[in-house]
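Enquirer: This is the structure I have questions about; it appears just below.
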Amino acid sequence: MKKKKLRIGFYALTSCYGCQLQLAMMDELLQLIPNAEIVCWYMLDRNSVEDEPVDIAFIEGSVSTEEEVELVKKIRENAKIVVAVGSCAVQGGVQSWGKDEPLEELWKRVYGDAKVKFQPKMAEPVSKYIKVDYNIYGCPPEKRDFLYALGTFLIGSWPEDIDYPVCLECRLKGNPCVLLEKGEPCLGPITRAGCDARCPSFGIACIGCRGAIGYDVAWFDSLARVFKEKGLTKEEILERMKIFNAHNEKLEEMVEKIFEGDGS
Amino acid sequence: MKNVYLPITVDHIARIEGKGGVEIVIGDDGVKEVKLNIIEGPRFFEAITIGKKLDEALAVYPRICSFCSAAHKLTAVEAAEKAIGFTPREEIRALREVLYIGDMIESHALHLYLLVLPDYLGYSGPLHMVDKYKKEIGIALDLKNLGSWMMDELGARAIHQENVVLGGFGKLPRRETLERMKDKLKEALPKAEYTFELFAKLEQYREVEGPITHLAVKPRNDVYGIYGDYIKASDGNEFPSESYKEHIKEFVVEHSFAKHSHYHGKPFMVGAISRVVNNWKLLYGRAKELYDAHKELLRPTNPFANNLAQALELVYFIERGIDLLDEALAKWPIRPRDEVTVKDGFGVSTTEAPRGILVYALEVKDGKVAYADIITPTAFNLAMMEEHVRMMAEKHYNDDPERLKFLTEMVVRAYDPCISCSVHVAKL
Chain Y
27 MKKKKLRIGF YALTSCYGCQ LQLAMMDELL QLIPNAEIVC WYMLDRNSVE DEPVDIAFIE
87 GSVSTEEEVE LVKKIRENAK IVVAVGSCAV QGGVQSWGKD EPLEELWKRV YGDAKVKFQP
147 KMAEPVSKYI KVDYNIYGCP PEKRDFLYAL GTFLIGSWPE DIDYPVCLEC RLKGNPCVLL
207 EKGEPCLGPI TRAGCDARCP SFGIACIGCR GAIGYDVAWF DSLARVFKEK GLTKEEILER
267 MKIFNAHNEK LEEMVEKIFE GDGS
Chain E
143 MKNVYLPITV DHIARIEGKG GVEIVIGDDG VKEVKLNIIE GPRFFEAITI GKKLDEALAV
203 YPRICSFCSA AHKLTAVEAA EKAIGFTPRE EIRALREVLY IGDMIESHAL HLYLLVLPDY
263 LGYSGPLHMV DKYKKEIGIA LDLKNLGSWM MDELGARAIH QENVVLGGFG KLPRRETLER
323 MKDKLKEALP KAEYTFELFA KLEQYREVEG PITHLAVKPR NDVYGIYGDY IKASDGNEFP
383 SESYKEHIKE FVVEHSFAKH SHYHGKPFMV GAISRVVNNW KLLYGRAKEL YDAHKELLRP
443 TNPFANNLAQ ALELVYFIER GIDLLDEALA KWPIRPRDEV TVKDGFGVST TEAPRGILVY
503 ALEVKDGKVA YADIITPTAF NLAMMEEHVR MMAEKHYNDD PERLKFLTEM VVRAYDPCIS
563 CSVHVAKL
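Chains as they are written, first to last, in this note's numbering: chain Y, 27 to 290; chain E, 143 to 570.
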C-alpha cells in the first residue's frame, strides 16, 4: 500500500526569512521532500497556494499587520498541526524589543506623518491569535531542529520539547564560562538549549535567541541577581533579557523582585 | 461605452526574499498604473534600537535580513567602529571581508539557481528540478554550502553571525581551517565559471531596455570589492558616503511599507550589475577575462544583466577570497580582538551587500545608540524596479494575463529583491 504523502505548508508573516532560508539550505531537504507534498512555500515555489488544507503548517514571523491576523486564523482553520518556527513566531522576535513604546511613536520616528494603505500593529507571537501545537526555537533555528521535527512528523510521531538551558550544553563542551569567568552578561542560564552553546563556544555572551526556557524553570530572578552583583542596573538587565523575551509575562516581575527595597 | 478592466495582480511574488506583490491597472489606452505592493509588516529597527546598548543593538541589526545578515552585521559594526574612533587591524579587515564574501557566494548562488533559473527552465521551483538538472542543483548546493561554511567558521553561524564584535572577532578559526577555506574556494572556481557560462546563455528581455543610472560604492585601494568610503554614480558623479543624504532622497509611497529613493530626483539602480558597470576596471583574474570576453552581455541598460553580473561576481569573489586569506595568513598568528573604548561619536559605513549599496549611519552616546539610519539596497531599487515592471507591462498588457504576470515577476526577480530588508528601515 502506498503511504499518503504528508501535505506541508510554509507560511511567512513579518520576519527576516531566516527560518525558511535555514530549511531551504539543508541538503537533507532533498531526502525529506519525496515523502511530503509541498502545498505552499512561496520562497521556493511559484505554484504555492495559501488557502488550502494541509497536515502541517509551519509559520515563520511575528504577527505585525491586521492582514496577518486574518492570515494566521485562516492557516489554523486549514491545518491539522500548526508549528511556530523561530523566535519571531514563537516569542514575537527582536521587533518586539520596542513593545513598551506606543506604535504611533515608532511609526512617527520612521515614517513621519506619511500613511500607507496597510494596517501595521505591534509585533506579537503567533500563539496570541491561534492555538500553536509545537514550537521550533531559535533565531534562526538550528538545522537539526528542523531535521528532528520534520523527521519525527514524517514518521507519524511527535517531537519532544527542550526544557533545559544553554549552560548544560556549554558545560558539556568544556567552554570557559562567559558569565562567571569572563564576567559578561551571558543569558545562557535562562535560555533554551539546542544550539550546542553556539555563541559561548566563540567566547560570545548568549543573547537568548532561542527564548527563555518554560516559565517555571526560567530563573530570571537568580540571573538578575548575578547581573546586579556585577553592576548592571535594573534597566540594563531588563533590556538585555527582553531582546528575545519582550512578551514573557513573568520576566519583569521576577527581575523587579531582585531590586525591591533598593530604591532603585 | 467604456471598457472595464480588472487590475492584474500577483498578491505574493514567489521565489524572492520577503512578501511583496505587483498590481497593474490597465485602462483603454494601456497601462495606467503599476505598483509594487510591499506588504510585509514594519519592524522599526532604527526606532527600537535607540537608547539601547551598542553591542546589543549590533546583535539585533543583522536580524533585518537573513539572506544578507553578514552584510548587515559587518556594515553596522564598521559604522559603530567609525563612530567610536576605532580602526581594526588590516588582517582583521581582511578576514571580515572573507566572511562578507561567504555571504556574497551563498546569496548569489541561492538567487541564481534556486530563484531565477526555474523560470528559464520552465519549473515552478527548484525542488522539481532535482531529477532532470542534477548537475545544476549540485553546483547550487556546493556553492551555497561553501558560503555558509565560511560564515559558520568566521561568523559562528551562517545566518545572524554573532562572532563579529567591536574590535574584531570573538574567536578566530585555526590556521588549518583557513588553509582549507582556500582549498575549497579553489575547488569551487570551475563551478562558478560553469554558472557564468550557463547564465550567459539566458535571455535578457529587451522590453525593459533603456538608460539606467547605476550607483555603487567606490572600492577602497582600487581593488574591486565590498568596502568603500565614496559612492560613485554612472553619470560621473562621486561623493563621500557621509553626504549620502544630499544626493539620495527617501520618500513614503502609500502602497509600500518600504520607502522609495531617488538619486537627484530620479530612480536609480544598485546591485551586482551596478558594481560591474561602475567598477569593471578594477576586476582582475579570471573574472576580468570573462568580462572582457562577454562585456556586451553585461548590459548597463538592462536589469536582467544583473543575473549574469552576479555569476561574474561568483568567479571574482572566489578568487578575491583566496587572496584575502593569503593576506591574513601572512600575518599569522592573529589576535582576534583589540580592546575598544566606547566613546561618543558618529559614523557612516557604506558597503556592497549582495544586492547593492547598504548604508549604516550610527551615532553613539554614553555607550548607547543615539541615532540610527539604515538604508538597504532593495529600498534604493524599488522606484527603478517599478519603472521596469511598467515597461514590461506596457509591452504585454494585451497578452494572456498569466504571461504578463510571469514576465513582470521575472523583472522583479532579476533585481534579487530583499523585501525584509527594505521594510521598516528608514531614517528618524
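Beta carbons are placed, not taken as given, at the ideal position from N, Cα and C, and that holds for glycine.
What did DSSP end up calling E:PHE341 once you bin it into helix, strand or coil?
Expert: Reading the second sequence from its first residue, position 199 is the one you call residue 341 of chain E. Helix, per DSSP.
Enquirer: Which residue wins for smallest C-alpha separation from Y:PRO167, given the options Y:LYS30, Y:TYR43 and Y:GLY35?
Expert: Counting from 1 along the first sequence, the entry for residue 167 of chain Y is found at position 141. Looking at the Cα atoms, Y:TYR43 is the closest of the given residues.
Enquirer: Check whether chain E comes within 8 angstroms of Y:LYS208, counting only Cβ atoms and requiring the distance to be less than that.
Expert: What you label residue 208 of chain Y is simply residue 182 of the first sequence in a count that begins at 1. The beta-carbon of Y:LYS208 is placed no less than 8 angstroms from the nearest beta-carbon of chain E.
Enquirer: State the start and end residues of the unbroken alpha helix (DSSP H) segment that holds E:TYR265.
Expert: Along the second sequence, read from residue 1 onward, the residue named residue 265 of chain E stands at position 123. No alpha helix (DSSP H) holds E:TYR265; DSSP gives it neither H nor E.
Enquirer: How far does the beta strand (DSSP E) with E:LEU500 in it reach, from first residue to last?
Expert: Along the second sequence, read from residue 1 onward, the residue named residue 500 of chain E stands at position 358. Run containing E:LEU500: 498-507, per the beta strand (DSSP E) assignment.
Enquirer: Using the Cα positions of Y:THR91 and Y:TYR68, report the straight-line distance between them to the nearest angstrom.
Expert: Here residue 91 of chain Y corresponds to residue number 65 of the first sequence, with the count starting at 1. Here residue 68 of chain Y corresponds to residue number 42 of the first sequence, with the count starting at 1. Y:THR91 and Y:TYR68 have their alpha carbons spaced roughly 19 angstroms apart.
Enquirer: One question on the structure: do E:LYS547 and E:LYS194 come within less than 8 angstroms of each other, judged by their Cβ atoms?
Expert: The count along the second sequence starts at 1 and reaches residue 547 of chain E at position 405. The count along the second sequence starts at 1 and reaches residue 194 of chain E at position 52. Against a cut-off of 8 angstroms, the Cβ pair of E:LYS194 and E:LYS547 comes out as no contact.
Enquirer: Nearest to E:LYS343 by alpha carbon, out of E:LEU259, E:ILE192 and E:ALA503?
Expert: Here residue 343 of chain E is taken as the residue at index 201 of the second sequence, counted from 1. Selected option, being the one with the closest Cα: E:LEU259.
Enquirer: Is E:ALA451 a contact residue of the ligand SAH, with contact defined as CB to any heavy atom under 7 angstroms?
Expert: Judged by which ligands are present, the structure shown has none, so any question about the ligand SAH falls away.
Enquirer: In three-state DSSP terms, what is Y:CYS114?
Expert: Locating residue 114 of chain Y in the first sequence gives position 88, where the first residue counts as 1. Here Y:CYS114 sits in helix by DSSP.
Enquirer: Below 7 angstroms CB to CB, which residues in the same chain sit around Y:VAL243 once its five sequence neighbours on both sides are set aside?
Expert: Counting from 1 along the first sequence, the entry for residue 243 of chain Y is found at position 217. Contacts found: ASP189.
Enquirer: Name the chain E residues whose beta carbon is nearer than 7 angstroms to that of Y:PRO202?
Expert: In the first sequence, counting from the first residue as 1, residue 202 of chain Y sits at position 176. Residues of chain E passing the Cβ test: none, with the nearest at roughly 11 angstroms.
Enquirer: Given a cut-off of 8 angstroms on the beta-carbon distance, is the pair Y:VAL89 and Y:PHE270 in contact?
Expert: The count along the first sequence starts at 1 and reaches residue 89 of chain Y at position 63. The count along the first sequence starts at 1 and reaches residue 270 of chain Y at position 244. No; because the gap between Cβ atoms is not below 8 angstroms, this pair is not in contact.
Enquirer: For the alpha helix (DSSP H) containing E:VAL219, name the first residue and the last one.
Expert: Numbered from its first residue, the second sequence carries residue 219 of chain E at position 77. 211-225 is the extent of the alpha helix (DSSP H) around E:VAL219.
Enquirer: Could you compute how far the alpha carbon of E:LYS423 sits from the alpha carbon of E:LYS360?
Expert: As a first step, residue 423 of chain E is located in the second sequence; it is residue number 281 there, counting from the start. As a first step, residue 360 of chain E is located in the second sequence; it is residue number 218 there, counting from the start. Their Cα atoms are separated by approximately 12 angstroms.
Enquirer: Answer with buried or exposed for E:ARG316, where buried requires no fewer than 16 other C-beta atoms within 10 angstroms of its C-beta.
Expert: For the purposes of this step, residue 316 of chain E is taken as residue 174 along the second sequence, with counting starting at 1. Exposed.
Enquirer: Reducing DSSP to helix, strand and coil, say where E:THR493 ends up.
Expert: In the second sequence, residue 493 of chain E corresponds to position 351, counting from 1. It is a strand residue.
Enquirer: Starting from E:PRO268, find everything on chain Y with Cβ-Cβ shorter than 7 angstroms and list it in chain order.
Expert: Counting from one through the second sequence, the residue named residue 268 of chain E turns up at place 126. Those are LEU70, listed as they occur along chain Y.
Enquirer: Just checking my contact of E:LEU500 with E:ALA225 at CB under 8 angstroms: how many whole Å lie between their CB atoms?
Expert: Translated into positions along the second sequence, residue 500 of chain E becomes position 358. Translated into positions along the second sequence, residue 225 of chain E becomes position 83. Not quite, the Cβ-Cβ distance comes to about 16 angstroms (not below 8 angstroms), so this is no contact.
Enquirer: Could you say which of E:LEU257, E:PRO184, E:SER211 and E:ILE516 lies nearest to Y:ARG72 if we only look at CA atoms?
Expert: To locate residue 72 of chain Y, count along the first sequence from 1; it is residue 46. Nearest C-alpha to Y:ARG72: E:LEU257.
Enquirer: Less than 8 angstroms between the C-beta atoms of E:LYS286 and E:LEU254, yes or no?
Expert: As a position in the second sequence, residue 286 of chain E is number 144, starting the count at 1. As a position in the second sequence, residue 254 of chain E is number 112, starting the count at 1. It is not a contact, given that the beta carbons lie outside the stated cut-off.
Enquirer: Looking at C-alpha atoms only, which residue of Y:PRO211, Y:CYS235, Y:ILE156 and Y:ALA272 is the closest neighbour of Y:LEU258?
Expert: Walking along the first sequence from the start, residue 258 of chain Y turns up at place 232. Comparing Cα-Cα distances from Y:LEU258 to each of Y:PRO211, Y:CYS235, Y:ILE156 and Y:ALA272, the minimum goes to Y:PRO211.
Enquirer: Taking C-beta pairs closer than 8 angstroms, name the residues in chain Y that E:ALA201 reaches, listed in chain order.
Expert: Along the second sequence, one-based indexing puts residue 201 of chain E at 59. By Cβ distance, chain Y contributes ILE233 and ILE269.
Enquirer: Does the beta carbon of E:PHE209 sit closer than 8 angstroms to a beta carbon anywhere in chain Y?
Expert: Residue 209 of chain E sits at position 67 when you count from the first residue of the second sequence. Yes - at least one Cβ of chain Y is within 8 angstroms of the one on E:PHE209.
Enquirer: Can you tell me the Cα-Cα spacing of Y:VAL204 and E:THR319, whole angstroms?
Expert: Taking the first residue of the first sequence as position 1, residue 204 of chain Y is located at position 178. Taking the first residue of the second sequence as position 1, residue 319 of chain E is located at position 177. So the alpha carbons of these two residues sit roughly 24 angstroms apart.
Enquirer: Does the Cβ of E:CYS560 have 16 or more other Cβ atoms within 10 Å, making it buried, or fewer, making it exposed?
Expert: If you number the second sequence from 1, residue 560 of chain E lands on position 418. Burial call: buried.
Enquirer: For E:VAL484 and E:LEU196, which I take to be in contact (beta-carbon distance under 8 angstroms), what is that distance rounded to the nearest angstrom?
Expert: As a working mapping, residue 484 of chain E is identified with position 342 in the second sequence. As a working mapping, residue 196 of chain E is identified with position 54 in the second sequence. Right, their Cβ atoms sit about 6 angstroms apart.
Enquirer: Taking the continuous beta strand (DSSP E) assigned at E:ARG316, which residues delimit it?
Expert: Here residue 316 of chain E refers to the residue found at position 174 of the second sequence. From DSSP, E:ARG316 is part of no beta strand (DSSP E); its letter is neither H nor E.
Enquirer: Nearest chain E C-beta to Y:ARG197 closer than 8 angstroms, yes or no?
Expert: One-based indexing of the first sequence puts residue 197 of chain Y at position 171. No, its Cβ sits nowhere closer than 8 angstroms to a Cβ of chain E.
Enquirer: Pull up the distance between the alpha-carbon of E:SER562 and that of Y:ASP288, whole angstroms please.
Expert: Translated into positions along the second sequence, residue 562 of chain E becomes position 420. Translated into positions along the first sequence, residue 288 of chain Y becomes position 262. Spanning the two alpha carbons is a distance of roughly 43 angstroms.
Enquirer: Comparing the C-beta of E:ILE181 with each C-beta of chain Y, is any distance below 8 angstroms?
Expert: In the second sequence, the residue the question calls residue 181 of chain E occupies position 39. For E:ILE181, the answer is yes, since a Cβ of chain Y falls inside 8 angstroms of its Cβ.
Enquirer: What three-state label does DSSP hand Y:GLY240 in the structure shown?
Expert: Stepping through the first sequence from its first residue, residue 240 of chain Y is reached at position 214. It is coil, neither helix nor strand.
Enquirer: Buried or exposed, going by whether 16 or more other CB atoms sit within 10 Å of the CB of E:GLY264?
Expert: As a working mapping, residue 264 of chain E is identified with position 122 in the second sequence. Classification of E:GLY264: exposed, given that the 10 Å Cβ count is below 16.
Enquirer: Determine, for Y:ILE230, whether the minimum Cβ-Cβ distance to residues of chain E falls below 8 angstroms.
Expert: Working through the first sequence from its first residue, we reach residue 230 of chain Y at position 204. It does: the Cβ of Y:ILE230 has a partner Cβ on chain E nearer than 8 angstroms.
Enquirer: At a cut of 8 angstroms, does the segment 388-397 of chain E reach the segment 329-342 of chain E through at least three beta carbon pairs?
Expert: no
Enquirer: Check whether the segment 210-224 of chain E and the segment 299-313 of chain E are in contact - that is, three or more C-beta pairs closer than 8 angstroms.
Expert: yes
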